[in-house]
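Take a look at the structure below.
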RNA sequence: GCGGACGUAGCUCAGUUGGUAGAGCGUCGGGUUGUGGUCUCGAAUGUCGCGGGUUCAAGCCCCGUCGUUCGCCCCA
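In the numbering used here, the protein residues as written are 21 to 455.
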């Protein structure tokens, strides 16, 4: 059987045009993160299995993680997320760091699961974390950063919705307001997480099954629905609304409003899967009907650094996958045409390869990206190659040009031609570069 | 891990009640000698995902397998 040319299941090949798009997307992420004072870090793609077992949610290690044994018998994981890694790194320098620590990375991550739209086995993820800030100014900053990223792509506020919730508020509602025990609360939180996927009746039926008979008869499920159905914090019952957790959310929404972010809202059904979140959680949804899913999510996790045996550090962070981000940009027509990095394609006329090296070297020394046709084919064919490669500028070098020092530079888009010496060509190309 | 749909030229797809394949785009070549894209003339292209079965005969029917895709589970 012939060898397949397809990449590994759930992973992508990046041909130059794909890589160009990724570079464009990542460049914006880096620019904005750095504009907020975040510094880039990186770490190995392999981690010891232990650091994933230490935190809650072990099933992903068993079922959805690439795990193998190295030749020394060590259990190794191909990292499925960056949070344990960055927590490990912060813990390693716990004492010497200057807080607040603002770090970001765009790691390559792997998870073993059935690929589907927006979720592949291999992906990249912008990870932004701020360590050492205990109050919600950290959350506000991080969400403002997310919003700035969207704006840097040219996205409008109605293209995405920012949803907020507070784990402590959820806990209060389940335990204190509704009076559920540990088991009921846990099961109910998992159910709430799936709320929007279920029919109303199915949701109620499952909630009925979770809570004990006496609580059900006392109307606990109706009470739960009453809380989940609110459109804003103001509609919550006073007992819930006056908790510290609810007021923290309210203050955050005001702070975001003040920062010019109008598409943030309280979402009582927002849970997020992991148990390590300790406070505010947030997700951002694409409002386009074809990509109506969570694009990124994060929140406060104050306990993870402490798992490495040092004093805990309050932390807020989020992860933003490149696959849903690319889907978002595509659906909203936010991706510009991206030509190759090459500024000019040099076509040679006659036996001038050797003599042409001098002006070519001068162009490169001036910082321009110059590709040279080496085919020796007819001029028209060389032009076709430039056209096909998507390089818009062609420079003709032949005997005449070399003897006069005047070169012909053609713009394939406008069909305009100019004649100039090397300095003039550099000038013209630079002008077009910055268009 | 579970369920549905799909898998025909590089790409998008068409292939009638089973009779060993087609279009558009793209690709390649020509329309004379230092100018691409438009136009025009011409050409090539496929073990119809792979393996097996039914049949005189399978792209078409059946089974398996791999892959793609939508959903479930789960969500980093």
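Where is the CB? At the ideal position from N, CA and C, for every residue including glycine.
When secondary structure is reduced to three states using DSSP, residue 113 falls in the coil class, being assigned neither helix nor strand. For residue 337, DSSP records a beta bridge to 149, 319. In the three-state reduction of the DSSP assignment, residue 281 falls in the coil class. DSSP, reduced to helix, strand and coil, places residue 353 outside both helices and strands of the structure shown, so it counts as coil. For the region 162-213, the continuous alpha helix (DSSP H) assignments of 4+ residues that do not extend past its boundaries occur at 187-191, 202-213, in sequence order. Approximately 3 Å separates the beta-carbon atoms of residue 328 and residue 111; this is inside 8 Å, confirming the contact. Taking a contact as a CB-CB distance under 8 Å, the pair residue 230 and residue 202 does not count as one, their CB atoms being some 12 Å apart. The alpha-carbon separation between residue 368 and residue 450 amounts to approximately 22 Å. Using a C-beta cut-off of 8 Å, the region 312-331 makes no contact with the region 353-365, since fewer than three inter-stretch Cβ pairs fall below that distance. About 6 Å separates the beta carbon of residue 307 from that of residue 179, a gap short enough to meet the 8 Å contact definition.
Per DSSP, residue 428 is one residue of the beta strand (DSSP E) stretching across 427-431. Counting only the Cα atoms, residue 445 lies some 50 Å from residue 151. DSSP places residue 383 inside the alpha helix (DSSP H), whose first and last residues are 373-385.
Here the C-alpha atom of residue 419 lies approximately 51 Å from the C-alpha atom of residue 62.
In this structure, residue 342 sits away from residue 291, with a CB-CB distance that is not shorter than 8 Å. For the pair residue 143 and residue 129, the CB atoms are nearer than the 8 Å cut-off.
Residue 58 and residue 159 have their alpha carbons spaced roughly 14 Å apart. The beta carbons of residue 163 and residue 182 sit closer together than 8 Å. Closest option to residue 115, judged by alpha-carbon separation, among 249, 326, 345: 326.
Taking C-beta atoms as the reference points, residue 153 and residue 336 count as a pair closer than 8 Å. Boundaries of the alpha helix (DSSP H) harbouring residue 46: 36-55, taken from the DSSP string. Excluding five sequence positions before and after residue 120, the CB atoms of its chain that fall closer than 8 Å to its own CB belong to 150, 151, 152, 153, 158, given in chain order.
The Cβ atoms of residue 169 and residue 48 sit closer than 8 Å to each other. No Cβ-Cβ contact shorter than 8 Å links residue 324 with residue 105.
Residue pairing by DSSP places residue 314 opposite 305 in a beta bridge. Between the alpha carbons of residue 244 and residue 198 lies a distance of about 7 Å.
Closest in C-alpha terms to residue 176, from the list 352, 363, 210, comes 352. The Cβ-Cβ distance between residue 132 and residue 84 falls below 8 Å.
Approximately 14 Å separates the beta-carbon atoms of residue 403 and residue 417; this is outside 8 Å, ruling out the contact.
One Cα belongs to residue 218, the other to residue 248, and the distance between them is close to 14 Å. Within the DSSP bridge table, the entry for residue 273 names no partner. Within the same chain, Cβ atoms closer than 8 Å to the Cβ of residue 409 are found at 360, 362, 365, 391, the five residues on either side in sequence being excluded. The three-state reading of DSSP puts residue 104 in helix, counting H, G and I together. In chain order, 253 place their CB closer than 7 Å to the CB of residue 261, counting only its own chain and leaving out the 5 sequence neighbours on each side. Relative to residue 421, the option among 32, 40, 439, 347 whose CA is nearest is 439.
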